[in-house]
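This report concerns only the one structure given below.
Residue numbers (mature numbering (1 follows the signal peptide of the UniProt record, and there is no 0)): -33 to -1, 1 to 236.
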(Lines of atoms letter the chains of each structure in order from A and count residues from 1; the text may use other names and numbers.)
(Lines give C-alpha, C1' and ligand atoms only; values in the text may rest on other atoms or scores of the structure.)
Protein backbone atom coordinates (compact mmCIF):
# COMPACT_ATOMS: atom_id res chain seq x y z
CA UNK A 1 0.00 0.00 0.00
CA UNK A 2 2.87 2.31 0.85
CA UNK A 3 4.45 1.54 -2.54
CA UNK A 4 1.22 2.45 -4.41
CA UNK A 5 0.90 5.69 -2.45
CA UNK A 6 4.51 6.57 -3.21
CA UNK A 7 3.95 5.89 -6.93
CA UNK A 8 0.88 8.12 -6.96
CA UNK A 9 2.96 10.96 -5.49
CA UNK A 10 5.70 10.50 -8.08
CA UNK A 11 6.13 13.60 -10.38
CA UNK A 12 5.65 11.45 -13.50
CA UNK A 13 2.46 9.77 -12.28
CA UNK A 14 0.12 12.41 -13.72
CA UNK A 15 1.73 12.08 -17.15
CA UNK A 16 1.41 8.30 -17.10
CA UNK A 17 -2.28 8.57 -16.24
CA UNK A 18 -2.81 11.11 -19.05
CA UNK A 19 -1.06 8.89 -21.62
CA UNK A 20 -3.11 5.88 -20.50
CA UNK A 21 -6.37 7.85 -20.81
CA UNK A 22 -5.49 9.11 -24.31
CA UNK A 23 -4.58 5.59 -25.43
CA UNK A 24 -7.86 4.25 -24.07
CA UNK A 25 -9.86 6.93 -25.91
CA UNK A 26 -7.96 6.22 -29.15
CA UNK A 27 -8.58 2.48 -28.96
CA UNK A 28 -12.27 3.01 -28.22
CA UNK A 29 -12.67 5.39 -31.17
CA UNK A 30 -10.86 2.98 -33.51
CA UNK A 31 -13.08 0.10 -32.42
CA UNK A 32 -16.27 2.07 -33.10
CA UNK A 33 -14.91 3.40 -36.43
CA UNK A 34 -14.02 -0.08 -37.66
CA UNK A 35 -17.40 -1.41 -36.59
CA UNK A 36 -19.18 1.33 -38.53
CA UNK A 37 -17.34 0.88 -41.83
CA UNK A 38 -19.52 -1.87 -43.32
CA UNK A 39 -22.66 0.09 -42.46
CA UNK A 40 -21.08 3.25 -43.84
CA UNK A 41 -20.32 1.54 -47.14
CA UNK A 42 -23.76 -0.03 -47.27
CA UNK A 43 -25.42 3.37 -46.92
CA UNK A 44 -23.28 4.76 -49.72
CA UNK A 45 -23.94 1.82 -52.01
CA UNK A 46 -27.45 0.70 -51.15
CA UNK A 47 -26.25 -2.86 -50.39
CA UNK A 48 -23.13 -4.42 -48.89
CA UNK A 49 -22.58 -6.65 -51.95
CA UNK A 50 -21.62 -3.55 -53.91
CA UNK A 51 -18.35 -3.32 -51.96
CA UNK A 52 -17.11 -6.67 -53.32
CA UNK A 53 -18.25 -5.85 -56.85
CA UNK A 54 -16.68 -2.41 -56.58
CA UNK A 55 -13.35 -3.88 -55.53
CA UNK A 56 -13.30 -6.14 -58.59
CA UNK A 57 -14.07 -3.18 -60.87
CA UNK A 58 -11.47 -1.07 -59.11
CA UNK A 59 -8.72 -3.66 -59.59
CA UNK A 60 -9.66 -4.01 -63.26
CA UNK A 61 -10.02 -0.33 -64.21
CA UNK A 62 -8.47 1.89 -61.53
CA UNK A 63 -5.62 0.08 -59.76
CA UNK A 64 -3.12 0.73 -62.55
CA UNK A 65 -3.04 4.40 -61.53
CA UNK A 66 -4.30 4.49 -57.93
CA UNK A 67 -2.61 1.30 -56.71
CA UNK A 68 -4.02 -2.13 -55.87
CA UNK A 69 -5.18 -0.92 -52.45
CA UNK A 70 -6.04 2.64 -53.56
CA UNK A 71 -2.96 3.84 -51.70
CA UNK A 72 -1.96 6.12 -54.56
CA UNK A 73 1.06 6.15 -56.87
CA UNK A 74 3.27 8.72 -58.56
CA UNK A 75 0.60 8.94 -61.26
CA UNK A 76 -2.55 9.33 -59.16
CA UNK A 77 -3.38 10.25 -55.53
CA UNK A 78 -4.59 7.97 -52.77
CA UNK A 79 -8.33 7.36 -52.56
CA UNK A 80 -8.39 6.34 -48.91
CA UNK A 81 -10.70 8.72 -47.09
CA UNK A 82 -11.98 10.61 -50.15
CA UNK A 83 -15.45 9.08 -49.83
CA UNK A 84 -18.17 7.92 -52.20
CA UNK A 85 -19.11 11.49 -53.19
CA UNK A 86 -15.68 12.07 -54.77
CA UNK A 87 -15.95 8.87 -56.80
CA UNK A 88 -19.46 9.69 -57.95
CA UNK A 89 -18.41 13.18 -59.02
CA UNK A 90 -15.31 12.10 -60.92
CA UNK A 91 -16.96 9.15 -62.70
CA UNK A 92 -20.33 10.76 -63.43
CA UNK A 93 -18.62 13.72 -65.12
CA UNK A 94 -16.32 11.48 -67.16
CA UNK A 95 -13.19 12.87 -65.52
CA UNK A 96 -12.33 9.37 -64.34
CA UNK A 97 -10.99 7.18 -65.69
CA UNK A 98 -8.62 9.82 -67.01
CA UNK A 99 -7.54 9.63 -70.64
CA UNK A 100 -4.04 10.90 -69.86
CA UNK A 101 -2.20 12.58 -66.96
CA UNK A 102 -2.24 16.35 -66.98
CA UNK A 103 -2.65 19.44 -64.80
CA UNK A 104 -6.41 18.86 -64.69
CA UNK A 105 -8.82 16.15 -65.83
CA UNK A 106 -11.44 17.64 -68.19
CA UNK A 107 -15.13 16.78 -68.26
CA UNK A 108 -15.82 14.28 -71.05
CA UNK A 109 -18.27 11.53 -72.05
CA UNK A 110 -18.24 8.53 -69.73
CA UNK A 111 -16.32 5.38 -70.62
CA UNK A 112 -18.42 2.53 -72.04
CA UNK A 113 -18.21 0.46 -68.86
CA UNK A 114 -19.18 3.37 -66.60
CA UNK A 115 -22.84 3.64 -65.65
CA UNK A 116 -24.92 4.33 -62.57
CA UNK A 117 -24.45 0.81 -61.22
CA UNK A 118 -20.68 0.53 -61.69
CA UNK A 119 -20.20 4.03 -60.30
CA UNK A 120 -22.20 3.13 -57.20
CA UNK A 121 -20.21 -0.07 -56.70
CA UNK A 122 -16.78 1.56 -56.95
CA UNK A 123 -18.01 4.39 -54.72
CA UNK A 124 -19.08 1.82 -52.12
CA UNK A 125 -15.68 0.14 -52.21
CA UNK A 126 -13.79 3.43 -51.83
CA UNK A 127 -16.14 4.47 -49.01
CA UNK A 128 -15.32 1.22 -47.19
CA UNK A 129 -11.59 2.00 -47.23
CA UNK A 130 -11.72 4.97 -44.90
CA UNK A 131 -15.01 6.83 -44.89
CA UNK A 132 -15.34 10.34 -46.28
CA UNK A 133 -18.20 12.41 -47.75
CA UNK A 134 -21.09 10.29 -49.00
CA UNK A 135 -23.34 10.83 -52.00
CA UNK A 136 -25.98 13.39 -50.89
CA UNK A 137 -29.66 12.43 -50.72
CA UNK A 138 -32.06 13.85 -53.31
CA UNK A 139 -33.59 16.42 -50.95
CA UNK A 140 -30.15 17.86 -50.15
CA UNK A 141 -29.62 18.91 -53.79
CA UNK A 142 -33.17 19.89 -54.78
CA UNK A 143 -33.01 23.50 -56.08
CA UNK A 144 -36.71 23.98 -55.38
CA UNK A 145 -36.01 23.69 -51.64
CA UNK A 146 -33.26 26.32 -51.68
CA UNK A 147 -33.25 30.11 -51.46
CA UNK A 148 -31.75 31.42 -54.72
CA UNK A 149 -31.34 34.95 -53.30
CA UNK A 150 -29.28 33.77 -50.33
CA UNK A 151 -27.47 31.31 -52.58
CA UNK A 152 -26.45 34.18 -54.86
CA UNK A 153 -24.89 36.04 -51.94
CA UNK A 154 -22.94 32.94 -50.89
CA UNK A 155 -21.86 32.22 -54.47
CA UNK A 156 -20.59 35.77 -54.99
CA UNK A 157 -18.69 35.62 -51.71
CA UNK A 158 -17.04 32.24 -52.27
CA UNK A 159 -17.09 31.22 -55.93
CA UNK A 160 -17.07 34.04 -58.49
CA UNK A 161 -13.32 34.60 -58.12
CA UNK A 162 -12.84 31.38 -60.10
CA UNK A 163 -16.19 30.40 -61.63
CA UNK A 164 -17.43 33.87 -62.67
CA UNK A 165 -20.77 35.31 -61.47
CA UNK A 166 -22.73 33.11 -63.89
CA UNK A 167 -20.70 29.94 -63.41
CA UNK A 168 -19.03 30.32 -66.81
CA UNK A 169 -15.64 29.29 -65.43
CA UNK A 170 -12.22 30.82 -65.91
CA UNK A 171 -8.50 30.20 -66.18
CA UNK A 172 -6.28 29.50 -63.16
CA UNK A 173 -2.52 29.00 -62.83
CA UNK A 174 -0.27 26.20 -64.12
CA UNK A 175 -2.72 25.01 -66.77
CA UNK A 176 -5.63 24.58 -64.38
CA UNK A 177 -9.05 26.18 -64.73
CA UNK A 178 -12.41 26.53 -63.03
CA UNK A 179 -14.88 24.61 -65.23
CA UNK A 180 -18.15 25.87 -66.63
CA UNK A 181 -21.03 24.89 -64.34
CA UNK A 182 -23.75 24.82 -67.01
CA UNK A 183 -23.34 21.08 -67.58
CA UNK A 184 -23.10 20.15 -63.89
CA UNK A 185 -26.09 18.53 -62.22
CA UNK A 186 -27.21 19.68 -58.75
CA UNK A 187 -25.73 16.50 -57.27
CA UNK A 188 -22.39 17.09 -58.96
CA UNK A 189 -22.28 20.69 -57.72
CA UNK A 190 -22.91 19.53 -54.14
CA UNK A 191 -20.31 16.78 -54.41
CA UNK A 192 -17.73 19.23 -55.74
CA UNK A 193 -18.28 21.51 -52.75
CA UNK A 194 -17.81 18.73 -50.16
CA UNK A 195 -14.88 16.99 -51.88
CA UNK A 196 -12.91 19.83 -53.49
CA UNK A 197 -11.88 18.21 -56.78
CA UNK A 198 -8.57 19.25 -58.34
CA UNK A 199 -7.92 22.99 -57.74
CA UNK A 200 -11.19 23.61 -55.89
CA UNK A 201 -11.13 24.06 -52.08
CA UNK A 202 -13.31 21.93 -49.81
CA UNK A 203 -16.41 23.61 -48.39
CA UNK A 204 -17.37 21.29 -45.54
CA UNK A 205 -20.57 21.63 -43.55
CA UNK A 206 -18.91 23.81 -40.90
CA UNK A 207 -17.91 26.31 -43.60
CA UNK A 208 -21.09 26.21 -45.70
CA UNK A 209 -24.04 24.35 -44.21
CA UNK A 210 -26.05 21.80 -46.24
CA UNK A 211 -28.94 24.28 -46.42
CA UNK A 212 -26.62 26.98 -47.75
CA UNK A 213 -25.20 24.55 -50.33
CA UNK A 214 -28.74 23.83 -51.51
CA UNK A 215 -29.40 27.56 -51.84
CA UNK A 216 -26.23 27.98 -53.89
CA UNK A 217 -27.40 25.18 -56.17
CA UNK A 218 -30.73 26.99 -56.54
CA UNK A 219 -28.89 30.15 -57.62
CA UNK A 220 -26.63 28.36 -60.11
CA UNK A 221 -29.51 26.53 -61.79
CA UNK A 222 -31.59 29.72 -61.88
CA UNK A 223 -28.83 31.81 -63.49
CA UNK A 224 -28.19 29.30 -66.25
CA UNK A 225 -31.87 29.54 -67.26
CA UNK A 226 -31.87 33.33 -67.51
CA UNK A 227 -32.03 35.06 -70.88
CA UNK A 228 -29.68 37.84 -72.01
CA UNK A 229 -31.95 40.87 -72.55
CA UNK A 230 -29.08 42.98 -73.87
CA UNK A 231 -28.41 40.72 -76.85
CA UNK A 232 -25.44 38.37 -77.17
CA UNK A 233 -24.25 36.93 -73.88
CA UNK A 234 -20.70 36.45 -75.23
CA UNK A 235 -20.35 33.37 -73.07
CA UNK A 236 -21.01 35.45 -69.95
CA UNK A 237 -17.27 35.48 -69.39
CA UNK A 238 -17.31 39.08 -68.24
CA UNK A 239 -15.82 42.53 -68.96
CA UNK A 240 -12.67 41.23 -70.71
CA UNK A 241 -14.64 39.65 -73.54
CA UNK A 242 -17.12 42.51 -73.63
CA UNK A 243 -14.30 45.05 -73.77
CA UNK A 244 -12.50 43.14 -76.53
CA UNK A 245 -15.65 43.04 -78.64
CA UNK A 246 -16.26 46.74 -78.00
CA UNK A 247 -12.74 47.61 -79.14
CA UNK A 248 -12.87 45.44 -82.27
CA UNK A 249 -16.38 46.50 -83.30
CA UNK A 250 -15.89 50.12 -82.27
CA UNK A 251 -12.52 50.60 -83.94
CA UNK A 252 -13.72 48.82 -87.08
CA UNK A 253 -16.76 51.11 -87.24
CA UNK A 254 -14.58 54.21 -86.79
CA UNK A 255 -12.17 53.04 -89.50
CA UNK A 256 -15.01 52.37 -91.95
CA UNK A 257 -16.56 55.75 -91.15
CA UNK A 258 -13.22 57.50 -91.77
CA UNK A 259 -12.82 55.70 -95.11
CA UNK A 260 -16.37 56.62 -96.13
CA UNK A 261 -15.91 60.31 -95.20
CA UNK A 262 -12.59 60.50 -97.06
CA UNK A 263 -14.11 58.90 -100.16
CA UNK A 264 -16.98 61.42 -100.11
CA UNK A 265 -14.58 64.38 -99.92
CA UNK A 266 -12.59 63.06 -102.85
CA UNK A 267 -15.73 62.72 -104.98
CA UNK A 268 -16.72 66.36 -104.24
CA UNK A 269 -13.27 67.68 -105.08
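Every residue gets a Cβ at the ideal spot worked out from N, C-alpha and C, and that includes glycine.
- Counting along the chain, the unbroken alpha helix (DSSP H) around residue 180 starts and ends at 177 to 191.
- Contact check for residue 137 against residue 144 passes: the beta carbons are separated by less than 8 angstroms.
- For residue 32, the uninterrupted alpha helix (DSSP H) run begins and ends at 30 to 33, by DSSP.
- Judged by DSSP in its simplified three-state form, residue 224 adopts helix.
- Between residue 175 and residue 113, the C-beta gap is not smaller than 8 angstroms, which leaves the two residues out of contact.
- Going by C-alpha positions, residue 73 is about 52 angstroms away from residue 229.
- Relative to the Cα of residue 150, the nearest Cα in the group 141, 103 and 187 belongs to 187.
- For residue -8, the secondary structure class from DSSP, reduced to helix, strand or coil, is helix.
- Runs of beta strand (DSSP E) with 3 or more residues, each lying fully within the stretch 124 to 185, are absent.
- In this structure, the alpha-carbon of residue 222 lies about 56 angstroms from that of residue 52.
- Two segments are said to touch when three or more pairs of C-beta atoms, one from each, lie closer than 8 angstroms; by this definition the stretch 58 to 71 does not touch the stretch 102 to 122.
- Of the candidates 98, 93, 16 and 64, 64 places its Cα closest to the Cα of residue 82.
- Residue 148 has its alpha-carbon roughly 17 angstroms from the corresponding atom of residue 170.
- The DSSP assignment places no complete run of the beta strand (DSSP E) inside the stretch 17 to 84 (cut-off: 3 residues).
- The beta carbon of residue 21 lies closer than 6 angstroms to those of 88, 89, 91 and 92 in the same chain, with the five residues before and after it left out.
- Between residue 102 and residue 55, the gap from beta carbon to beta carbon is short of 8 angstroms.
- Cβ neighbours of residue 44 within its own chain (closer than 8 angstroms, five residues either side excluded): 33.
- In this structure residue 50 is in contact with residue 100, their Cβ atoms being roughly 4 angstroms apart against a cut-off of 8 angstroms.
- When the alpha-carbon of residue 117 is set against those of 179, 42 and 212, the nearest one is in 179.
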